[in-house]
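**Student:** Can you read through this structure? Questions will come right after.
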Amino acid sequence: MIKPEEKVGELLERYPKLNKVFKRLKMDCPHCKGAKSETIAYVARMYGKTPEALVKLLETELKKGK
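Sequential numbering of the sequence shown, starting at 7, is according to this note's numbering.
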């Protein structure tokens, strides 16, 4: 389960395939220097999304691989 307070960098290290979700949303997170310190919630708000909506998109992508 993905939590909004998780760091983006840690999430992408654990689940590299989630890079494409950020790319599809035009979020520069995979290449951003702040990825190691910024949370999913912070990034979601920065790009005009709710943390819950971004978490749902990320979890949906993870379920596709199962």
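Just so it is clear, CB atoms sit at the ideal spot from N, CA and C, and this is done for glycine as well. As the structure is a prediction and not an experimental result, all values here were calculated from the model.
Within the chosen definition, does the region 9–25 reach the region 39–57 through at least 3 CB pairs nearer than 8 angstroms?
**Tutor:** yes
**Student:** Under DSSP, the alpha helix (DSSP H) around residue 24 begins and ends at which residues?
**Tutor:** Counting along the chain, residue 24 sits inside no alpha helix (DSSP H), nor does DSSP assign it H or E at all.
**Student:** Across which residues does DSSP place residue 45 in a beta bridge pair?
**Tutor:** Bridge pairing for residue 45: 13 [DSSP].
**Student:** In its own chain, which residues sit with a C-beta less than 7 angstroms from the C-beta of residue 21, not counting the 5 before and 5 after it?
**Tutor:** 68
**Student:** Check this for me: beta carbons of residue 31 and residue 64, under 7 angstroms apart or not?
**Tutor:** Their beta carbons are not under 7 angstroms apart, which means residue 31 does not touch residue 64 by this criterion.
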